[in-house]
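Read the structure below first, then the notes.
In the working numbering, the protein residues as written are 19 to 255.
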């Protein structure tokens with residue numbers, strides 16, 4: 019690394035981006051400390067999806083130019099509270115205003131939006147006034163699931179216009195009502211567009227159960243408290 023740094027202009031700020039899932043090749047504490055000690059690196063995009071790792075890295079970077087940016091939506095709020103300089107995940111392409119609000123005000127209701135990645139009506143006075151259509155689009159690109167979540171209502175309820183499904187989660191002892199576009203089931207769970215209500219609810223329930231199963235298997239393989247499942251993660255298992 020030192021010979022490479024010597025060839026780069028000294029006034030060029032550098033950043034670090036670890037290899038994310040499915041390979042998840044992370045920097046060791048010693049490797050990160052060597053990078054910090056050069057004084058050349060301004061940021062690390064952390065993809066560990068582990069809050070304890072983020073906290074440890076924030077402590078290692080204390081007093082240096084390097085800032086730790088968490089890339090895991092599930093731990094976004096807690097990481098910011100622990101000293102992470104911000105959020106640098108893919109969801110900032112879809113609803114950046116949510117993360118700006120999360121950093122500036124840290125409301126719990128916005129935290130649940132970013133954690134679950136589903137569509138729900140935010141509580142009043144959260145400070146977020148964005149268009150929820152951005153969040154709908156983000157859900158079509160990625161699914162967030164966590165072993166900490168528990169479905170309280172076993173069968174989703176389909177809306178009168180047949181465009182959304184509603185289910186209830188328990189997340190960290192908080193009850194969260196999620197309203198998910200029917201299109202998600204068509205994209206992720208191969209639901210036929212002309213499926214009747216009974217089949218729609220059944221396919222969604224089976225698909226959500228598979229997501230929970232994958233999350234728990236990933237928890238056993240990589241023991242971290244939160245999991246980020248992308249469409250690639252889901253389809254490859």
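From the three backbone atoms N, C-alpha and C, an ideal C-beta is built for every residue, glycine too.
Owing to the predicted nature of the structure, the values given are computational and were not obtained by experimental measurement.
| Check | Outcome |
| --- | --- |
| Mind checking whether residue 32 and residue 59 have CB atoms under 9 Å apart? | yes |
| What is the DSSP secondary structure of residue 61, reduced to helix, strand or coil? | strand |
| May I ask you to report which of helix, strand or coil DSSP gives residue 35? | strand |
| If we count the other Cβ atoms within 10 Å of its Cβ and call it buried at 16 or more, is residue 211 buried or exposed? | exposed |
| Tell me, please, whether the stretch 92 to 105 touches the stretch 50 to 59 by the rule of three or more beta-carbon pairs shorter than 8 Å. | no |
| Span of the beta strand (DSSP E) holding residue 87? | 85 to 88 |
| Beta-carbon within less than 6 Å of residue 133's beta-carbon, same chain only, minus the 5 sequence neighbours each way: which residues are those? | Because the pLDDT of residue 133 is 48, which lies under 50, any placement of that residue in the model is unreliable, and the number read from its coordinates should be weighed accordingly. Cβ neighbours of residue 133 beyond the five flanking positions: 92. |
| Please report the straight-line C-alpha distance between residue 24 and residue 30, rounded to a whole angstrom. | 12 Å |
| Taking Cβ to Cβ, would you say residue 219 is nearer than 9 Å to residue 175? | yes |
| Taking all protein chains shown into account, do 16 or more other C-beta atoms lie within 10 angstroms of the C-beta of residue 216, making it buried, or fewer, making it exposed? | exposed |
| Can residue 84 and residue 62 be called in contact, C-beta distance under 9 Å? | yes |
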